[in-house]
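Worksheet: the structure to be examined is printed underneath.
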Amino acid sequence: MSREAVWAALHVTDWTEFTWVMIGLGGQLMFTMRFLVQWIVSERTRRSVIPVAFWYFSMAGGVVLLSYALWRRDPVFVFGQATGLVIYSRNLWLIHAEKHQPAQSRA
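One rule links them: number in my numbering = place in the sequence shown (from 1) + 175.
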């Protein structure tokens, strides 16, 4: 496949656009990994589980996708990713705060 064919398929016209599309696809791949991790852990435990790695993949993918959305100047995409980052951050905060609590106060 030629470079022109790849660029046409990705709707890019220069190396800057191509680089940003690759960054965006990388972010989407990280975001997708969270579901794969959750699925694998749930299958292994035979119950629905959301592992901590789910939230880290959410953060990583969200940050990269927010960067891509800002580059595209897409307010809908920016708002969606920024809102998600607040939620992912809060979940990680709660998880780590719980780990630092004495065992008797967790109940």
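All residues carry an ideal CB built from backbone N, CA and C; glycine is no exception.
C-alpha gap between residue i and residue j, whole angstroms
{"i": "S264", "j": "T188", "result": "36 Å"}
{"i": "G255", "j": "V212", "result": "22 Å"}
{"i": "I215", "j": "A244", "result": "29 Å"}
{"i": "R222", "j": "A272", "result": "24 Å"}
{"i": "I262", "j": "R178", "result": "39 Å"}
{"i": "M234", "j": "M208", "result": "11 Å"}
{"i": "W246", "j": "H275", "result": "38 Å"}
{"i": "W190", "j": "V251", "result": "25 Å"}
{"i": "L185", "j": "T220", "result": "39 Å"}
{"i": "M197", "j": "W182", "result": "11 Å"}
{"i": "L269", "j": "V253", "result": "25 Å"}
Pick from the options that is closest to residue i, judged by C-alpha positions
{"i": "M205", "options": "W230, F229, G236", "result": "G236"}
{"i": "G202", "options": "V238, V251, P250", "result": "V238"}
{"i": "D249", "options": "G199, I270, A180, M176", "result": "G199"}
{"i": "L260", "options": "F232, A180, I270", "result": "F232"}
Neighbourhood of residue i by C-beta, 7 Å cutoff - its chain only, sequence neighbours within 5 removed
{"i": "A257", "result": "L241"}
{"i": "A228", "result": "V212"}
Cut-off 6 Å between Cβ atoms - residues of its own chain near residue i, not counting five sequence neighbours on either side
{"i": "W230", "result": "Y263, N266, L267"}
{"i": "F193", "result": "V187"}
Cβ neighbours of residue i in the same chain (closer than 8 Å, five flanking residues each side left out)
{"i": "V224", "result": "Q213, V216, S217"}
{"i": "P226", "result": "V212, Q213, V216"}
Residue i beta carbon near the ligand FMN (any heavy atom closer than 7 Å)
{"i": "G199", "result": "With respect to the ligand FMN, the structure shown offers nothing to examine, as it has no ligands at all."}
Checklist entry - What residue ranges within the segment 176 to 258 form continuous alpha helix (DSSP H) runs of no fewer than 4 residues, ordered along the chain? => result 178 to 185, 190 to 220, 227 to 247
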